[in-house]
Structures are given as structure tokens and as C-alpha cells.
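Peer 1: Protein chains in written order, with UniProt numbering: chain A, 1 to 461; chain B, 1 to 461. A virtual CB, placed ideally from N, CA and C, is assigned to each residue, including glycine. From a predicted model like this one, the values you see are computed outputs, not experimental measurements. This is the structure, below, for whatever I ask next.
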């Protein structure tokens with residue numbers, strides 16, 4: 001696109017002002033891409049916290065001493081100084097309190113308490129998510145922790161140094177990752193989950209090996225148990241449940257996360273049915289000039305085409321990039337999410353992509369699943385370790401719907417990506433079966449396990 | 001399809017007779033599928049050797065003591081007795097000498113030397129491949145080995161027990177796998193390669209890390225060196241080259257394999273331009289009733305659509321299945337090959353799929369490649385190890401063409417499969433970039449390396 005001289009001068013004198021609320025995954029991705037798309041834009045990021053662009057998913061590994069260097073600093077991917085060097089202004093400790101979409105301004109409270117109005121041409125809400133804080137967790141007791149930010153991690157680290165008995169409330173990704181980390185630190189760990197089984201996002205057959213690994217690792221797993229309160233004065237001493245008291249000097253609450261949408265609502269931006277901010281594929285909200293991306297926004301599921309709220313890091317980064325390009329005048333679209341996820345617990349790799357059988361049925365699809373237990377490498381090779389794969393397809397169409405995996409050598413769970421790649425292009429079970437996957441005995445069987453599962457599934461479609 | 005009673009009786013009295021020449025990957029896959037497709041068929045497999053259905057790719061690992069149980073027996077996947085239990089007659093030590101396509105018979109020489117004519121309704125040539133035996137290797141010297149069959153492996157094992165210095169001739173898959181195995185046995189290893197570098201199937205930038213790993217592992221690598229002869233009386237004592245004599249008490253010749261097509265030629269079956277048997281997607285040769293599958297047959301490359309000869313285990317099994325279904329009256333097609341390959345050498349995983357830049361240029365495609373060196377896990381995680389990825393796409397169309405990888409933690413090379421899966425459905429570089437791959441710090445960066453490479457490649461298409 002060539003600009004006329006007059007336009008070019010106007011742009012130079014009045015550069016586009018892009019304001020981004022939130023400086024973690026989506027916000028900083030957007031800032032980087034907007035800057036690349038439109039180097040003359042005036043880009044300002046307001047971040048309420050002390051850090052930008054940090055890897056929240058790395059917090060368990062910082063607590064586990066599994067980083068290349070000790071401490072939480074290694075999780076910061078980019079500093080405000082680095083962003084400034086790229087022409088992006090980052091203001092830490094600045095909380096955006098309100099949006100006037102008519103006037104095109106945000107009100108910002110700085111670290112000194114001063115409130116100013118800041119103009120924008122394009123505004124990105126990248127306000128992220130926050131851990132769900134159930135009523136019992138709303139307490140001043142020391143030793144009760146959430147885990148979302150670097151300060152959360154630092155506070156938990158401090159507590160753990162004088163801890164012996166930890167109760168983890170919640171058997172999802174974070175609870176399961178942290179169970180391994182805490183046992184690795186020699187702590188006694190009780191894990192409480194309200195649902196009938198841990199890792200309840202998975203279909204039934206995949207949950208049992210996860211629980212077995214936790215128990216083999218010395219975790220006291222209590223499922224179907226609801227927490228009713230906490231005990232203690234000053235520091236927590238226990239967790240009260242509908243199945244008795246659990247003694248603990250540290251409590252980690254990890255019962256899910258919810259989108260932070262207060263600012264969006266104040267600005268008149270609509271939420272979707274999921275409770276997160278509704279956006280189109282360009283990450284535009286219903287209010288002109290206002291975009292949303294990351295853990296505060298919902299997205300379309302690539303299999304069902306329906307809005308979902310599955311806040312994960314890659315999706316947040318991707319949405320941020322799309323928003324950044326579009327805010328700066330480019331044209332990009334977010335392809336939607338498959339909810340591909342993976343985590344490690346007690347040496348197991350657990351992964352899923354697309355729909356589970358339960359999710360597919362709930363979406364009204366005529367789904368069928370096959371379960372395969374085999375090995376990641378050739379069965380005769382000493383490195384071969386068990387893998388469990390559940391593959392789900394659609395009767396009639398033959399379409400792939402999803403996969404779930406538990407791998408006893410955790411890296412093997414990453415092989416879920418073969419299914420994720422095909423789901424992304426609307427691939428069929430036949431496409432998976434015909435995939436020319438890599439084979440050598442230390443890596444796979446001649447017919448690698450996704451191919452074997454696809455072959456079995458084809459006979460049932 | 002409903003059969004009339006008369007037809008059914010005729011079939012019962014005269015069941016279809018399927019004769020299969022060769023009882024390894026393609027042959028036994030065909031036998032199994034044909035039996036499943038048509039349980040009443042009379043299926044006979046003639047195998048010249050002593051074993052059927054063995055994992056030739058596992059031979060290096062048997063020699064390396066890396067099997068779950070010692071010895072070569074573990075590499076036999078199915079025995080003749082097991083096949084007989086499924087109604088498939090397997091005749092070991094039976095060499096098929098000729099085919100009379102007019103009469104529909106093969107002449108077979110049994111272990112006792114008796115020659116008989118055996119009728120067939122459908123004939124499968126699954127005669128496989130054999131190692132290229134250069135003139136210098138045509139010698140009676142003890143200590144000179146090829147490695148293709150279980151007896152080859154057993155003979156080499158015997159030799160290695162009194163060996164100190166091994167010379168490997170050939171720097172392809174087998175030579176590189178065996179170099180690691182032999183060093184692991186404490187032997188001195190010299191590897192001689194005629195080309196300018198080892199792993200010469202890879203583009204230049206990927207070859208250097210492979211050579212570096214070999215040398216770090218103590219292998220004396222001599223590239224650009226041609227072998228002219230062997231020395232010794234009784235047992236080999238050295239390898240003569242155009243760059244001097246290499247002392248060795250054991251020589252492994254691994255300079256490639258060629259299709260075994262003598263029987264096909266005798267039967268009047270045409271070969272393709274690659275020198276292997278020409279077949280259509282149903283694995284039919286040009287002669288009615290005669291099929292070919294596995295290492296003796298060529299196949300179409302899924303990227304170029306051109307015939308290629310890339311004999312690999314999965315493709316052989318797949319072709320065998322297709323032939324088996326079709327011989328028994330079903331309808332199956334072979335999707336072609338991507339040449340996806342992987343091997344391990346000195347802890348490195350080396351993999352490729354689709355076309356290299358060199359192959360793409362040779363095929364007349366407007367190809368462009370990007371090289372990425374990064375880590376398999378999140379950069380800050382202690383488990384993160386270097387990976388090198390080269391991704392190749394087509395200018396104009398945006399089509400993916402191929403990928404090559406070297407991973408310092410060998411399992412990570414299996415992640416080439418994401419590209420292989422997309423290549424199989426004609427996916428684009430954009431499709432790869434938009435793939436929702438699994439992320440958690442012990443497994444990947446937020447943007448896993450195939451996504452980063454796709455992003456970079458997109459900017460050059």
C-alpha cells in the first residue's frame with residue numbers, strides 16, 4: 001500500500017496510538033507485532049504488576065529447582081528495557097481503571113496513586129485471567145497460596161521453606177504438576193479433588209494411570225471430596241472437607257482460572273456465553289477500536305466451531321499477535337483453538353487435543369473412541385515404555401475429533417501433536433492412518449501408535 | 001456383494017490361491033490382510049531364508065545389547081506357526097525360481113533341492129532388497145560383513161567378539177547407527193564415506209552436527225574417500241582407499257541397498273525408471289494377477305508425484321497391506337511415500353520428511369528453506385536441549401515441501417512427524433504455523449520450534 005505524501009505527513013505528525021492493557025502473553029505479543037507492522041505507531045503497555053512477558057507455566061519448575069538458573073528471574077522473557085529499545089513504552093504498576101470508548105481514552109492509576117486519562121486510537125484488553133478463589137480461600141491465614149504470577153511463586157517458595165505438609169486443592173494441570181514438584185522437595189502431599197477422579201478433563205480410561213502415578217509417587221489422593229473451610233490462626237493448620245480434616249501447614253488452591261473481564265464490562269464490551277470477552281477472528285470486540293486477546297477472551301473451537309474458554313499460553317500469544325497486526329492496520333485472523341494441552345506429573349506425560357469422547361457427545365456429535373495401550377518405541381527395544389492413546393473420530397464423516405494420551409516416558413506425550421496438526425486442517429482418521437510417520441526402533445514401532453489407533457478406529461466409523 | 005449358491009460352492013471347492021514370494025515386511029503384511037479380507041483363501045508364502053516377519057531395522061540394537069532380551073530371536077515378530085494358526089501356510093527355505101504368468105504357476109526349489117510348480121490365482125512379489133555389494137566386497141575374506149538379515153547379524157556378532165578395529169564403509173543410516181553401537185562395545189571405529197560428508201541425504205547445514213557427534217564419540221570419520229580394495233588372507237586386515245590403508249579386523253559394508261527384481265524380470269514384469277518394480281497405487285504390476293510390494297517396488301512420492309525408490313519399513317508394510325487387500329478382492333490404494341526417516345547416532349536424533357532443498361530444486365520446484373537452531377523444551381528448563389530444524393516450502397503456492405531435523409536429545413527428532421502429517425494432506429506452511437501444538441515447559445517452548453520455523457518461512461514465500 002502506497003501512501004500519498006499528505007497522508008504520510010499526517011501519520012508522522014499524529015502517529016496511531018495503540019494502548020495495551022496487560023503486559024504478559026497476549027499483551028506483549030500484540031505490542032511486538034503491532035510495532036513490526038507499523039514501526040511509527042505509538043505503543044503503550046500498562047501492566048498493573050511488576051513483571052511483563054513472563055512464563056507463568058514455568059512457575060512450578062522454578063519451585064522445583066528445574067530451571068537452568070535458580071530463581072524466578074529466568075522466567076522473564078523480555079524486560080521493559082528490551083521493549084523500550086524496540087520503541088514500545090511499558091509502564092509497570094499502572095492499573096487501568098476505566099475506558100471511555102466514546103472519547104477514546106482510558107483512565108490509569110499509576111504507582112504513585114495519580115490518575116490520568118490516556119488517549120488511544122486502538123485499545124487492546126489483554127487483562128488475562130486470575131485463579132478462582134473459592135470462599136474458603138478468602139482468608140488472611142498465612143500459608144494459603146494461589147499460583148499465577150511471579151510474586152505468587154515467590155511467596156509460595158518462602159512458605160515452602162518452613163513447610164512439611166502441603167494440601168493441594170484441585171486435581172487439574174497445576175495441581176498435578178505441583179504434586180510432583182512438592183514430593184520432589186520431600187514434602188508430604190495430600191491432593192483433594194471434588195470430582196470423582198483427578199485430571200477430570202480426560203475421559204475415564206485415561207484418568208486411572210494418572211492417579212496410579214500420583215499414588216506411586218506418595219501423594220495421598222482424595223477424590224470426590226469437597227473443601228468446606230480452613231483451620232488455623234495466623235498460619236493455616238488444616239483443610240476442612242466433607243470427608244474430615246486434612247492437616248497441612250501449606251495450602252495451594254488450584255481449582256481453575258476465570259477471565260478478568262471487569263474492565264471490559266465497564267467499557268461496555270460484551271462477554272460471550274462462556275463468560276469471557278466475545279471477539280471475532282480478528283480479535284475485535286463489539287466496540288469499535290477495542291480488541292481483546294489472551295486469557296480474558298473466548299475463542300472458537302476448531303472442531304465444533306463453537307465459542308469456548310480454554311485459556312492456554314500458545315493461544316494467548318497467537319491471539320495477541322493477531323490483535324497486534326490488526327490494530328496496526330494489518331489483516332490477520334485467529335484460527336481458533338483445539339485446546340491442545342500437555343503436562344508432566346510423576347514422570348508421566350499427559351496430553352490431549354481436540355474433543356474428548358465426553359466433549360464430543362456433549363456437542364451432539366456421533367463420536368466413537370478407541371483405546372490403545374502399547375509402547376512408544378519398538379516393543380523389543382529396551383527404551384520402550386508404555387503409552388495409552390485414546391483416539392476419537394466421527395461416524396459417518398470419518399473426521400478426526402480428538403486424542404488423549406498418557407505416556408510413561410513423558411516426552412512421548414508430545415506426539416499428540418500429529419493429531420493436533422491434522423485436526424487443524426480438518427483431517428480425517430484416514431488421513432492420520434495414511435501419515436508417513438518416522439520409524440526406527442529407538443523411536444517407534446514400524447506402525448507408530450497413532451497409526452495403529454487410526455486403523456482400529458477406521459473399522460468402527 | 002451376495003454370491004449365488006452355485007458360486008459359493010465353486011469358491012468353496014476352488015478357493016482363491018494367493019502365492020506370496022518373500023515373508024518379511026511386505027509379504028507377511030499382505031498375507032495377514034489377504035487372510036482377513038478373504039478367510040477362505042488358500043495363502044502360501046515362500047520364503048528363501050530361515051525367518052519371516054523380522055525387524056531388520058532392529059539388527060543394530062541387537063548387536064548393541066539394547067533389546068529387552070539378549071539375542072536376535074526377539075526381532076522375530078511372528079513365527080510360521082503363528083501364521084499357520086491363522087490359516088496361512090509359510091514355507092521356509094523355499095526359493096521361487098521362475099514365474100509362468102501364462103500358466104499361472106511359479107517354480108519353487110525346496111530345502112531338499114526338489115523343484116515343483118505351484119499354481120496361483122494372485123501372485124505377490126515381495127522379494128525385498130539386498131545390500132549393494134561393491135566389487136571389493138566380493139571376497140571370501142572373513143570379517144567382511146553386510147547387515148540385512150538375522151543371519152547377517154549373527155555372523156557379525158560372532159566376528160565382533162574377536163574384533164578390535166572396525167571399518168564401516170558408508171555413512172548412511174546403517175553406517176551411522178552402527179558407528180554408535182560399535183563404539184558402545186568399546187571398539188575402535190573408522191567410518192569411510194565416498195561423499196563429501198556423512199548423512200549426505202540431508203542438506204548441508206544439517207550434516208555438520210552429525211559429523212561433530214560422530215567425532216565427539218571417537219569415530220575416525222573420513223569423507224570424500226573411496227575404497228579400492230581389501231587386504232588380508234583368511235581374515236581381513238585392512239581397507240585400501242584412495243587416501244591410504246585403514247587397518248581393520250572387521251569391515252561392515254553399508255553403501256546402500258538395491259531392489260531384488262530378478263524374479264520380476266524373469267516373469268516379464270516391467271521395472272520403473274528407478275530400477276525397482278513399477279506398480280500402480282493398487283500395487284499391481286503390468287502383468288495381470290501379479291502384484292509387487294515392499295523394498296522390491298517403487299512408489300510415488302507424495303510431494304512430487306514422481307516415482308521414487310525409498311525402501312523403508314513402514315512403506316513396505318503399508319504396500320503389503322494394500323496388495324493383500326487387493327489380491328483378495330478388496331480395494332485399497334497406497335498413498336505414496338514421503339520418505340520420512342529417522343535414526344539415532346551418538347545420542348542425536350536425525351530425521352527428515354518430504355523433500356530436502358536439494359531434492360526440491362532437482363524436482364524443478366521453486367523451493368526455499370529456513371534453518372532454525374533452538375531448544376526442544378522451554379529455553380529456561382534444565383531439560384532443554386538443542387534442536388536444528390530446516391523447513392522447506394514452495395514459493396508462490398505456500399505449500400510445505402519438507403523438513404529435516406537434528407536433535408541432541410534424540411527423541412525430539414520424532415517431532416518431524418508434525419510436518420509429515422501435514423505433508424500427507426498437502427498442507428501449507430501456513431497450516432503448520434497455525435497448528436495448535438502442545439506446550440508445557442518440560443516439553444516445548446510456547447511457540448514450539450516447528451511453529452517458529454513456519455513463521456520465518458512464511459516471510460520468505
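Let me know the secondary structure DSSP gives residue 353 of chain A once reduced to three states.
Peer 2: Three-state DSSP puts residue 353 of chain A in a strand.
Peer 1: Taking CB distances under 8 Å as the criterion, tell me whether residue 437 of chain B reaches chain A.
Peer 2: By this cut-off, residue 437 of chain B is an interface position.
Peer 1: Is DSSP giving residue 449 of chain A helix, strand or coil here?
Peer 2: Helix, per DSSP.
Peer 1: In this structure, does DSSP put residue 182 of chain A in helix, strand or coil?
Peer 2: The answer is helix: DSSP assigns residue 182 of chain A an H, G or I state.
Peer 1: Going along the chain, which unbroken runs of the alpha helix (DSSP H) with 4 or more residues stay wholly within the region 378–422 of chain B?
Peer 2: None, since the region 378–422 of chain B contains no complete alpha helix (DSSP H) of that length.
Peer 1: Answer yes or no: does any C-beta atom of chain B fall closer than 8 Å to that of residue 360 of chain A?
Peer 2: Judged by the 8 Å Cβ criterion, residue 360 of chain A is not in contact with chain B.
Peer 1: Could I get the ranges of all uninterrupted beta strand (DSSP E) runs contained in the region 176–251 of chain B, with 3 residues as the minimum, in chain order?
Peer 2: Taking only runs of at least 3 residues, the beta strand (DSSP E) segments lying wholly in the region 176–251 of chain B are 188–193, 220–223, 227–233, 235–241, 244–247.
Peer 1: Anything in chain B within Cβ reach of residue 66 of chain A, meaning under 7 Å, just list it in chain order.
Peer 2: What residue 66 of chain A touches in chain B: 381, 382.
Peer 1: Just checking, does the region 435–455 of chain A make contact with the region 339–353 of chain B on the three C-beta pairs under 8 Å criterion?
Peer 2: Yes, since at least three Cβ pairs between the region 435–455 of chain A and the region 339–353 of chain B fall closer than 8 Å, the two stretches touch.
Peer 1: Does the CB of residue 148 of chain A have a neighbour CB from chain B at under 8 Å?
Peer 2: By this cut-off, residue 148 of chain A is not an interface position.
Peer 1: Pull up the CB-CB distance for residue 201 of chain A and residue 239 of chain A, whole angstroms please, since I reckon it's below 8 Å.
Peer 2: No, residue 201 of chain A and residue 239 of chain A are not in contact; Cβ-Cβ is about 23 Å, not under 8 Å.
Peer 1: Quick check on DSSP: helix, strand or coil for residue 167 of chain A?
Peer 2: Here residue 167 of chain A sits in strand by DSSP.
Peer 1: In terms of residue numbering, what span does the beta strand (DSSP E) encompassing residue 130 of chain B cover?
Peer 2: Taken as a continuous stretch (DSSP letters only), the beta strand (DSSP E) holding residue 130 of chain B covers 129–131.
Peer 1: Pick from B/116, B/409, B/114: whose alpha carbon is nearest that of residue 348 of chain B?
Peer 2: Checked all of B/116, B/409, B/114; the closest Cα to residue 348 of chain B is B/409.
Peer 1: Can you say whether residue 85 of chain A is buried or exposed, counting buried as having 16 or more other CB atoms within 10 angstroms of its CB?
Peer 2: Exposed, since its Cβ has fewer than 16 Cβ neighbours within 10 Å.
Peer 1: Counting along the chain, where does the beta strand (DSSP E) carrying residue 480 of chain B start and finish?
Peer 2: Residue 480 of chain B cannot be examined here, being either before or after the span of chain B that is shown, 1 to 461.
Peer 1: Per DSSP, which one or two residues make a beta bridge with residue 42 of chain A?
Peer 2: Its beta-bridge partners are A/17.
Peer 1: Starting from residue 150 of chain A and walking both ways along the alpha helix (DSSP H), at which residues does that stretch end?
Peer 2: Segment 150–160, the alpha helix (DSSP H) holding residue 150 of chain A.
Peer 1: With respect to the alpha helix (DSSP H) encompassing residue 106 of chain B, which residues constitute its N-terminal and C-terminal limits?
Peer 2: No alpha helix (DSSP H) contains residue 106 of chain B, which is instead part of the beta strand (DSSP E) from 105–109.
Peer 1: Check whether the Cβ atoms of residue 422 of chain B and residue 355 of chain B sit closer than 8 Å, and answer yes or no.
Peer 2: The answer is no: Cβ separation not under 8 Å.
Peer 1: Of the choices A/140, A/429, A/363, whose alpha-carbon is the least far from that of residue 459 of chain A?
Peer 2: Answer by Cα proximity: A/429.
Peer 1: Only counting the same chain, and skipping five residues up and downstream in sequence, which positions put a Cβ closer than 6 Å to that of residue 1 of chain B?
Peer 2: With a pLDDT of 43 at residue 1 of chain B, under the threshold of 50, the modelled position of this residue cannot be trusted; read the value that follows with caution. Excluding positions up to five away in sequence, the list is empty.
Peer 1: Which stretch, first to last residue, makes up the beta strand (DSSP E) that contains residue 346 of chain A?
Peer 2: Residue 346 of chain A -> no beta strand (DSSP E), and no H or E assigned at all.
Peer 1: Do you know how far the Cα of residue 298 of chain B is from the Cα of residue 171 of chain B?
Peer 2: C-alpha separation (whole angstroms): 23 Å.
Peer 1: Evaluate contact between the region 161–168 of chain B and the region 247–258 of chain B, counting only Cβ atoms and requiring at least three cross-stretch pairs below 8 Å.
Peer 2: These segments touch.
Peer 1: Since residue 382 of chain B and residue 67 of chain A should fall inside the 8 Å C-beta cutoff, what is the C-beta to C-beta distance between them, to a whole number of angstroms?
Peer 2: The Cβ separation is near 6 Å, so the contact holds.
Peer 1: Given a cut-off of 8 Å on the beta-carbon distance, is the pair residue 137 of chain B and residue 328 of chain B in contact?
Peer 2: Not closer than 8 Å, so no.
Peer 1: Output the boundary residues of the beta strand (DSSP E) element that contains residue 371 of chain A.
Peer 2: Residues 367–375.
Peer 1: Let me see if you follow: with CB-CB separation under 8 Å, is residue 338 of chain B close to chain A or not?
Peer 2: Cβ-Cβ to chain A under 8 Å: yes for residue 338 of chain B.
Peer 1: Could you list which residues in chain B have their beta carbon closer than 8 Å to that of residue 55 of chain A, in chain order?
Peer 2: Result: 378, 380, 441, 446.
Peer 1: What are the start and end residues of the beta strand (DSSP E) that includes residue 433 of chain B?
Peer 2: Looking at the DSSP string, residue 433 of chain B is not in any beta strand (DSSP E); the run it does join, the alpha helix (DSSP H), is 429–433.
Peer 1: Just curious, the beta strand (DSSP E) that residue 123 of chain B is in, first and last residue?
Peer 2: First-last of the beta strand (DSSP E) with residue 123 of chain B: 122–125.
Peer 1: Any beta carbon from chain B within less than 8 Å of residue 343 of chain A's own beta carbon?
Peer 2: It does: the Cβ of residue 343 of chain A has a partner Cβ on chain B nearer than 8 Å.
Peer 1: Straight-line CA distance for residue 338 of chain B to residue 314 of chain B?
Peer 2: Spanning the two alpha carbons is a distance of roughly 11 Å.
Peer 1: Distance check for residue 26 of chain A and residue 316 of chain A, CA to CA, integer angstroms please.
Peer 2: Computed Cα separation, rounded: 5 Å.
Peer 1: Where do the ends of the beta strand (DSSP E) carrying residue 92 of chain B lie?
Peer 2: 88–92 is the extent of the beta strand (DSSP E) around residue 92 of chain B.
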